[in-house]
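**Student:** Following this message is one structure expressed as structure tokens.
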Amino acid sequence: MDDVVACFEYYADLAEALDGKQRSPISLPMENFKSYVLKEPIGVAGLITAWNYPLLMATWKVAPSLAAGCTAVLKPSELASLTCLELGAICIEVGLPPGVLNIITGLGPEAGAPLSSHPHVDKVAFTGSTETGKRIMTAAAQMVKPVSLELGGKSPLIVFDDVDIDKAVEWAIFGIFLNAGQVCSATSRLLLHEKIAKQFLDRLVAWAKNIKISDPLEKGCRLGSVISEGQYEKIKKFISTARSEGATILYGGARPQHLRRGFFIEPTIITDVSTSMQIWREEVFGPVLCVKEFRTESEAVELANDTHYGLGGAVISNDQERCERISKALHSGIVWINCSQPTLVQAPWGGNKRSGFGRELGEWGLENYLTVKQVTKYCSDEQWGWYQPPSKL
Ligand SMILES: NC(=O)C1=CN([C@@H]2O[C@H](COP(=O)(O)OP(=O)(O)OC[C@H]3O[C@@H](n4cnc5c(N)ncnc54)[C@H](O)[C@@H]3O)[C@@H](O)[C@H]2O)C=CC1
Ligand SMILES: C[N+](C)(C)CCCC(=O)O
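Sequential numbering from 1 applies to the sequence shown in the UniProt record's numbering.
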């Protein structure tokens, strides 16, 4: 909720600053023309979001689209619509004019698809799976409608041998078990320097054992159930496929013994992974971490970039120059150094490759909903002079 509030406050400030940025002059190499730029709302924004951070993901789109001066139609996930409906109620309470923010609920094909293909929707911003992202892009293409897509990921976390083990282990845990791993940017592939691998894995298991798994409403809960039975079954299938492909389930992999009901899965750590395995290649969207070892920096980078995705990436090392080098080498839209997941509303958020394109948050998030208009004025008193003037007689 704090992040939701911070996001609305941030874009309220950017909305005010936008007026001051209008008519910004373009420097030209001649005097008889003057040009400036207007930034105008793109029109009606269609906003389609997923269930994993339902209110926050909606806010990342609603706040900048309204700040840009657009009207918006929000279609939250059918699995988690209530907080967005509550946002609608708050908008009425605070006097947002009717029609500025519209919220429609329903299934993807019935409510989301018509929004992405509708001729009166001028832009679609989407967060969700890569498969749905492709469908939305295809539908929007028929109207030559701009889209921004924030899709899945299989983000790497590289840990070198010069780190404080417990500090790094905590980031590794936070990077994959936060929100039960249902995070697009989760660092779900851990790359460990071979010199510390054994010690690191021992501590990782010790920390994983210590995670409080419970009803999320219970105080101190750090791992709740996953969203649905479908997701639960999908995650279990990923784990059983990893096992059948020859990987080792080092820890977890099953329902916690103290929780008989609910879609709970233990924090799961998988080793003996090869790069052809499904668990290395595909997004699980659950509390499942796969681990590989590396010897050299270049091997670490090669393994980190061995994915069709490109949302996040992280490196933990005490060698700051190495961290900078790796930040440049990673093919992703976000790099965390000596941490994983902290998200700042001021900084751009989004991915490359099959993780999508376009950036949310920061000033880039506002640009998503603005179109750029150049205004060019001829300011000479002279005749233009391209054609021969006809005789005045
Ligand atoms: N990377 C990410 O942020 C997320 C990834 N996922 C992954 O995707 C898998 C499926 O989860 P879903 O919730 O079904 O994700 P999804 O991508 O199908 O749904 C996200 C949103 O798109 C809408 N939608 C679905 N089909 C649509 C269509 N044809 N046109 C327009 N809108 C459409 C849905 O109603 C929902 O609001 C999960 O198991 C997970 O692995 C899910 C949520 C977020
Ligand atoms: C804020 N954060 C990083 C925990 C989640 C952002 C949304 C996502 O990547 O699923």
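By construction, the Cβ of each residue, glycine as well, lies at the ideal position given by its N, Cα and C atoms.
#1: I need the straight-line Cα distance from Trp-349 to Asn-368, nearest angstrom please.
#2: Using 8 Å as the cut-off, can you tell me whether the region 119-134 makes contact with the region 48-56, which would need three or more C-beta pairs spanning the two stretches below that distance?
#3: Count Cβ pairs between the region 159-168 and the region 129-145 that sit closer than 8 Å; are there 3 or more?
#4: Measuring only the C-alpha atoms, how far is Pro-256 from Met-57?
#5: Output needed for Tyr-36: all residues of its chain with C-beta closer than 8 Å, excluding positions within five of it in sequence on either side, in chain order.
#6: Which one or two residues does DSSP pair with Ile-213 in a beta bridge?
#7: Run the proximity test for Cys-184: is its beta-carbon closer than 6 Å to any non-hydrogen atom belonging to ligand 2?
#8: State the start and end residues of the unbroken beta strand (DSSP E) segment that holds residue 430.
#9: How about Tyr-53: is its Cβ closer than 6 Å to a heavy atom in ligand 2?
#10: Please return the same chain residues whose Cβ sits closer than 6 Å to the Cβ of Ser-355, not counting the five positions on each side in sequence.
#11: Does the distance from the C-beta atom of Phe-200 to that of Tyr-232 stay below 7 Å?
#12: What's the C-alpha gap between Glu-282 and Thr-275?
#13: Near Ala-242, what residues of its chain come up, given a Cβ to Cβ distance below 6 Å and the 5 sequence neighbours on each side ignored?
#14: Select from Lys-236, Thr-343, Ala-6 the residue whose C-alpha is nearest the C-alpha of Ala-63.
#15: For ligand 2, I want to know if Thr-343 counts as a neighbour, meaning its beta carbon is within less than 6 Å of at least one of the ligand's heavy atoms.
#16: Note down, one range per segment and in chain order, each alpha helix (DSSP H) of at least 4 residues found wholly within the region 129-186.
#17: Have a look at the DSSP bridge pairing and note the partners of Tyr-251.
#18: Does DSSP classify Ile-337 as helix, strand or coil?
#19: Tell me the residue span of the alpha helix (DSSP H) that contains Val-5.
#20: Does Ile-239 pass the burial test, meaning 16 or more other C-beta atoms within 10 Å, or should it be called exposed?
#21: Around the Cβ of Leu-28, are there at least 16 other Cβ atoms within 10 angstroms (buried) or fewer (exposed)?
#22: Taking all protein chains shown into account, decide if Asn-32 is buried (16 or more other Cβ within 10 angstroms of its Cβ) or exposed.
**Tutor:** Looking at the coordinates:
#1: The sequence position of residue 349 within the sequence shown is 349, counting from 1. The sequence position of residue 368 within the sequence shown is 368, counting from 1. Those two C-alpha atoms are separated by around 12 Å.
#2: yes
#3: no
#4: Start at 1 with the first residue of the sequence shown, and residue 256 comes out as number 256. Start at 1 with the first residue of the sequence shown, and residue 57 comes out as number 57. For Pro-256 and Met-57, the distance between alpha carbons rounds to 29 Å.
#5: As a first step, residue 36 must be located in the sequence shown, where it is residue number 36. So the qualifying residues of the chain are Arg-23, Ser-24, Pro-25, Ile-26, Gln-374, Val-375.
#6: For this step, residue 213 is matched to residue 213 along the sequence shown. Partner(s): Leu-223.
#7: By 1-based counting over the sequence shown, the position of residue 184 is 184. At least one heavy atom of ligand 2 is nearer than 6 Å to the Cβ of Cys-184, so yes.
#8: The structure shown does not extend to residue 430, since the chain is modelled only from 1 to 393, so the question has no answer here.
#9: Counting from one through the sequence shown, the residue named residue 53 turns up at place 53. At least one heavy atom of ligand 2 is nearer than 6 Å to the Cβ of Tyr-53, so yes.
#10: Against the sequence shown, residue 355 aligns to sequence position 355. The residues are Leu-151, Gly-153, Tyr-309, Gly-310, Leu-311.
#11: Translated into the one-based positions of the sequence shown, residue 200 becomes position 200. Translated into the one-based positions of the sequence shown, residue 232 becomes position 232. No, the Cβ-Cβ distance between Phe-200 and Tyr-232 is not below 7 Å.
#12: As a working mapping, residue 282 is identified with position 282 in the sequence shown. As a working mapping, residue 275 is identified with position 275 in the sequence shown. Going from the Cα of Glu-282 to the Cα of Thr-275 covers about 11 Å.
#13: Locating residue 242 in the sequence shown gives position 242, counting from the first residue. Hits under 6 Å: Ile-270, Ile-279.
#14: Numbered from its first residue, the sequence shown carries residue 63 at position 63. Among Lys-236, Thr-343, Ala-6, the Cα nearest to that of Ala-63 belongs to Ala-6.
#15: Counting from one through the sequence shown, the residue named residue 343 turns up at place 343. Yes; taking the cut-off as 6 Å, the Cβ of Thr-343 has a heavy atom of ligand 2 nearer than that.
#16: 130-141, 165-177
#17: Within the sequence shown, the letter at position 251 stands for residue 251. According to DSSP, Tyr-251 bridges with Ile-269.
#18: Position 337 of the sequence shown, counted from the first residue, corresponds to residue 337. DSSP places Ile-337 in strand when its eight states are reduced to three.
#19: Translated into positions along the sequence shown, residue 5 becomes position 5. Residues 2-21.
#20: Against the sequence shown, residue 239 aligns to sequence position 239. Buried.
#21: In the sequence shown, residue 28 corresponds to position 28, counting from 1. Exposed, by the Cβ-count rule.
#22: The residue you call residue 32 lines up with position 32 of the sequence shown. Label assigned to Asn-32: exposed.
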